[in-house]
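Participant:
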Ligand code: GLN
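Numbering (this note's numbering), first residue to last: -7 to 444.
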């Protein structure tokens, strides 16, 4: 049914870069066989899932939205995808994204943008706009995303779906094509909070193949989502981030947020304001740290090891092959980030830029730690604005970067956060973000489910 739905609508939505029809049917038959053999299967057995094209899938094209990986078929599955298969879910295809997950609209995909199912002339968010749009257009009931600065939550917010960024290290990065290794976090996308929790439970947990994976079990996010669904938040303390509830967001977004705060209060939650004064420096710190790490990570795309190779004929040197391949293989936003990062890391500038950004990162972490001494979770709008029209923010990189103003602090800290639909502004979805302490992912699911 989902493959039929994709065939019917994806020429308009363009959520998928690759639909793995044969692989999906084979996986579905395999689940049937396992069930017939009496193998105990989990609650998601047989359920289709769309996978962001940043995660490797054995033998199935994986491009990370870049020309430099066109036609590359990885020789191995990422841990996330292995776990999806082990749980009996059915990976149905790879979803569109901004090139190497750098962007907030999918307009930086080398394969053309994804259209928001709510209004096809608007962006579906990014970088994981394909995964979010696939859910909103009912092309898949579940999807996987990755969140470095907001790429799960922001697409969730602008498509009226649920997107959760787990605690950093709570989901494996093995086989996740690296953008910024100290921030990258794969996570679940779904249409309901409970579905997201079920998917989170399947993909999460320690992985010895990822050196930053946390050697602890995932908190019981499914039980937390079910507890929250009873709508009682008595005794739960919510902190509204002062810095993110005043200016900086569209009035319609703030109105929907305030209405939701009122609802949360009616459900029994105690709501207070909490100031996190260093959050205002999160965006600049992120745009030094993330490009710095990306400039190092993307050095591996050299025309030799993976994908595209330009200039075999008549080329004079290896250096020329590398330079031509990178020139033609990377898009403008990726080049901008590599240049920014290389500059920030260069000797003489390192202390002033990268070193300074790391200090700011520590201050932001301290803001979170102090806040969580007063409240159980922090809340804010997920994004400052609703889905914007194509082309309206591509002219000025800073305008695009602002899309993640409210989501980035969490990545710098490493905690979990979820975006849950909280109303409409001008007929378009608005998301509410719930941020929790590291390894307290269950708390955010409880509050999100109560609001749903
Ligand atoms: N939009 C942010 C960026 O461009 C975040 C992307 C992400 O989370 N992958 O870096």
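Glycine included, every Cβ here is placed at the ideal spot set by N, Cα and C.
As the structure is a computational prediction, the values presented were derived from the model and not from experiment.
1) Measuring alpha carbon to alpha carbon, tell me which of 355, 388 and 284 ends up nearest residue 337.
2) Nearest by alpha-carbon distance to residue 46: which of 14, -3 and 138 is it?
3) So residue 242 packs on residue 378, CB below 8 Å; how close in whole Å?
4) By a C-beta neighbour count over all protein chains shown, 10 Å radius and 16 as the cutoff for buried, is residue 274 buried or exposed?
5) Just tell me which of 255, 201 and 404 has its CA closest to the CA of residue 359.
6) Could you give the residue range of the beta strand (DSSP E) that holds residue 372?
7) Kindly indicate which three-state DSSP category residue 236 falls into: helix, strand or coil?
8) Residues bridged to residue 82 by DSSP?
9) Looking at residue 163 and the ligand GLN, is the gap between the Cβ and the nearest heavy atom below 7 Å?
10) Measure the alpha-carbon distance for residue 109 versus residue 309 and round it to whole angstroms.
11) Drop a sphere of 10 angstroms on the beta-carbon of residue 4, count the other beta-carbons inside from all chains shown, and report buried for 16 or more, exposed for fewer.
12) Taking the straight line between their C-alpha atoms, what separation do you get for residue 195 and residue 77?
13) Just the C-alpha distance for residue 318 and residue 168, rounded to the nearest angstrom, thanks.
14) Does the ligand ATP have a heavy atom nearer than 7 Å to the CB of residue 95?
15) Relative to the C-alpha of residue 35, which residue among 193, 150, 178 and 118 is closest?
16) Is the beta carbon of residue 86 less than 8 Å from the beta carbon of residue 53?
17) Throw me the rounded Cβ distance for the residue 124 and residue 155 pair, which I believe falls under 8 Å.
18) At which residues does the alpha helix (DSSP H) containing residue 451 begin and terminate?
19) For the candidate residues 15, 299, 371 and 38, whose alpha-carbon lies nearest to that of residue 25?
20) Which of the three DSSP states is assigned to residue 157 in this structure?
21) Around the C-beta of residue 373, are 16 or more other C-beta atoms found within 10 angstroms, so that it is buried, or is it exposed?
22) Tell me the DSSP secondary structure of residue 276 in three-state form.
23) Under 8 Å Cβ to Cβ from residue 257, same chain only, skipping five residues before and after it: list those, please.
24) Does the beta-carbon of residue 395, which I'm using as the reference point, lie nearer than 7 Å to any heavy atom of the ligand GLN?
25) Answer with buried or exposed for residue 89, where buried requires no fewer than 16 other C-beta atoms within 10 angstroms of its C-beta.
26) Of all the options 428, 333 and 311, which has the alpha carbon lying nearest to the alpha carbon of residue 361?
27) Going by beta carbon distance, what residues of the same chain come within less than 8 Å of residue 8, once the five residues before and after it are set aside?
28) Thinking residue 389 and residue 152 are a contact (beta carbons under 8 Å), I'd like their distance in whole angstroms, please.
29) Can you list, in chain order, the residues of its chain with a C-beta nearer than 7 Å to that of residue 112? Leave out the 5 residues immediately preceding and following it.
30) Just to confirm before moving on: does the CB-CB distance between residue 437 and residue 295 stay below 8 Å?
31) How far does the beta strand (DSSP E) with residue 447 in it reach, from first residue to last?
32) According to DSSP, is residue 208 part of a helix, a strand, or is it coil?
33) Ignoring anything shorter than 3 residues, give me the beta strand (DSSP E) runs that lie fully in the region 350 to 399, in order along the chain.
34) For residue 250 and residue 49, what's the separation of their Cα atoms in angstroms?
35) Does the beta carbon of residue 398 fall short of 7 Å from some heavy atom of the ligand GLN?
36) By the 10 Å Cβ neighbour count, where 16 or more other Cβ atoms means buried, how is residue 351 classified, buried or exposed?
Facilitator: Per the coordinate set shown:
1) Measuring C-alpha to C-alpha distances from residue 337 to each of 355, 388 and 284 identifies 284 as the nearest.
2) Of the candidates 14, -3 and 138, the residue whose Cα lies closest to the Cα of residue 46 is 138.
3) Rounded, the Cβ-Cβ distance is 7 Å, consistent with contact.
4) By the 10 Å Cβ count, residue 274 comes out buried.
5) Among 255, 201 and 404, the Cα nearest to that of residue 359 belongs to 404.
6) Run containing residue 372: 369 to 373, per the beta strand (DSSP E) assignment.
7) Shown here, residue 236 sits in a helix according to DSSP, grouped into three states.
8) 40, per the DSSP bridge assignment.
9) The answer is no for residue 163.
10) Residue 109 and residue 309 have their C-alpha atoms spaced approximately 47 Å apart.
11) Per the 10 Å Cβ criterion, exposed.
12) Annotation: residue 195 to residue 77 spans about 10 Å, alpha carbon to alpha carbon.
13) About 20 Å.
14) Looking for the ligand ATP in the displayed structure turns up nothing; the ligands present are the ligand GLN.
15) Ranked by how close their Cα comes to the Cα of residue 35, the residues 193, 150, 178 and 118 have 193 in first place.
16) In contact: residue 86 and residue 53 (Cβ atoms closer than 8 Å).
17) Approximately 7 Å separates the beta-carbon atoms of residue 124 and residue 155; this is inside 8 Å, confirming the contact.
18) Residue 451 lies beyond the residue range present for the chain, which begins at -7 and ends at 444; the question has no answer from this structure.
19) Residue 38 is the option with its Cα nearest to residue 25.
20) The answer is strand: DSSP assigns residue 157 an E or B state.
21) Result: buried.
22) Residue state, collapsed to three classes: helix.
23) 263, listed in sequence order.
24) In this structure, the C-beta of residue 395 approaches the ligand GLN to less than 7 Å from one of its heavy atoms.
25) With 16 or more other Cβ atoms from the protein chains shown falling within 10 Å of its own Cβ, residue 89 counts as buried.
26) Distances from the alpha-carbon of residue 361 to those of 428, 333 and 311 put 428 closest.
27) The residues are -2, 2, 42, 85, 86, 87, 88, 122, 126 and 131.
28) Not quite, the Cβ-Cβ distance comes to about 27 Å (not below 8 Å), so this is no contact.
29) Counting only residues of its own chain and dropping the five nearest sequence neighbours on each side, residue 112 has a CB closer than 7 Å to the CB of 4.
30) Not in contact: residue 437 and residue 295 (Cβ atoms no closer than 8 Å).
31) With the chain represented from -7 up to 444, any question about residue 447 goes unanswered, as that position is not in the structure.
32) Coil at residue 208, not helix or strand.
33) Those beta strand (DSSP E) runs which fall completely within the region 350 to 399 and span 3+ residues are 369 to 373.
34) C-alpha separation (whole angstroms): 42 Å.
35) Residue 398: no, Cβ never under 7 Å from the ligand GLN.
36) Exposed.
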